[in-house]
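In the working numbering, the protein residues as written are 26 to 131.
Glycine included, every Cβ here is placed at the ideal spot set by N, Cα and C.
Please read these numbers as outputs of a predicted model, since none were measured by experiment.
Structure record follows, encoded as structure tokens.
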């Protein structure tokens with residue numbers, strides 16, 4: 026069962042607790058990133074507010090989540106209708122990245 030977030034601060038706190046950090050992607054866009062070391066280099070999961078391409082996520086608003094291969098190519102993406110599915114989506118994308126790109130020992 027997933028979790029219902031009541032505030033944007035709760036969403037931010039969850040993402041920080043999972044190891045994601047805020048970063049600008051250039052051109053006025055920003056997102057939350059989780060970078061993991063794979064067999065052939067780092068791969069990332071990125072999460073952002075779907076309508077503003079920013080880190081300003083709010084309950085009830087759509088959220089985009091994407092998986093990036095080493096080298097930066099997007100390999101998988103999904104738009105969640107709201108933050109309620111965020112925990113499950115992050116786990117799915119993290120698991121998919123580990124399966125596709127591996128993880129470094131340690």
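Rounded to whole angstroms, the Cβ separation of residue 96 and residue 66 is 7 Å, and the two are in contact under 8 Å.
Under the DSSP assignment, residue 35 falls outside any beta strand (DSSP E), being part of the alpha helix (DSSP H) whose first and last residues are 33-42. Going by DSSP, residue 102 is part of the beta strand (DSSP E) stretching over 99-105.
Excluding its 5 nearest sequence neighbours in each direction, residue 44 has C-beta neighbours in its own chain below 6 Å: 59, listed in chain order.
Judged by DSSP in its simplified three-state form, residue 126 adopts helix.
Assignment of residue 45 by DSSP, reduced to helix, strand and coil, places it in the coil class. Take the alpha-carbon of residue 48 and the one of residue 78: they are about 12 Å apart. With contacts defined by Cβ atoms closer than 7 Å, residue 36 and residue 57 do not form a contacting pair.
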